[in-house]
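My numbering numbers the first residue of the sequence shown as 11 and each following residue consecutively.
See below for the structure under consideration.
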Amino acid sequence: MKLFDLSGRKPLEAAAPVPFEEWKETRQGTAISLAPDVEVEELRSHLGSLTLIVLEFPVFRDGRAFTQARSLREYEGYEGEIRASGHLLPDQAIHFRRCGFDSVVLPEGANVKDWEDQLGRYQFYYQNTAVSPA
């Protein structure tokens, strides 16, 4: 698995994330993966014990994980690492970062330079986001 850092914080080399449905039964582990159909509010009382939340993009056209990331950062105040995994494109790099993602699991054969180029594309934004002021 190859990780790409979006936030300037070094991505965690955590143990393999436990699927949320399994974690919900045992509450063991500090790294979980969250399907797009799970409401982040279900994690509210446990966020302090989680160091990594992996949000899944099962298909390109499913953007619910963007909403999950913003909700975790803006409404729930989560400060741990949020990682994107699944069908990801370098063109989405800025949006990942602005929604609160810290890292992405690069798809097989991905070119790191393409991701770096996208992050350097814009230096100024008019809208506030989960991680940066306007």
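Note that the Cβ used here is the ideal one computed from N, Cα and C, for glycine as well.
This structure is a prediction, so every number in the text was calculated from the model and none was measured.
Within the DSSP bridge table, the entry for Arg74 names no partner. Sequence-distant partners of Ile92 (beyond 5 residues in either direction) whose C-beta falls short of 7 Å from its own C-beta, in its chain, are Ile63, Leu65, Ala79, Leu82, Gly110, Phe111, Asp112.
Counted as a single uninterrupted DSSP element, the stretch harbouring Ala94 is not any alpha helix (DSSP H) but the beta strand (DSSP E) occupying residues 91–96. By the Cβ criterion, the segment 30–37 is not in contact with the segment 68–76, since fewer than three pairs of Cβ atoms, one from each stretch, lie closer than 8 Å. By the beta-carbon neighbour count (other beta carbons within 10 angstroms, threshold 16), Arg131 is exposed. Ala26 sits exposed, since fewer than 16 C-beta atoms from the chains shown fall within 10 Å of its C-beta. Closest by C-alpha distance to Tyr88, out of Arg19, Glu52, Leu60, Asp101, is Leu60. DSSP links Phe67 through a beta bridge to Gly96. For Pro100, the number of other beta carbons within 10 angstroms of its own is at least 16, and it is reported as buried. Taking C-beta atoms as the reference points, Val115 and Leu13 count as a pair closer than 8 Å.
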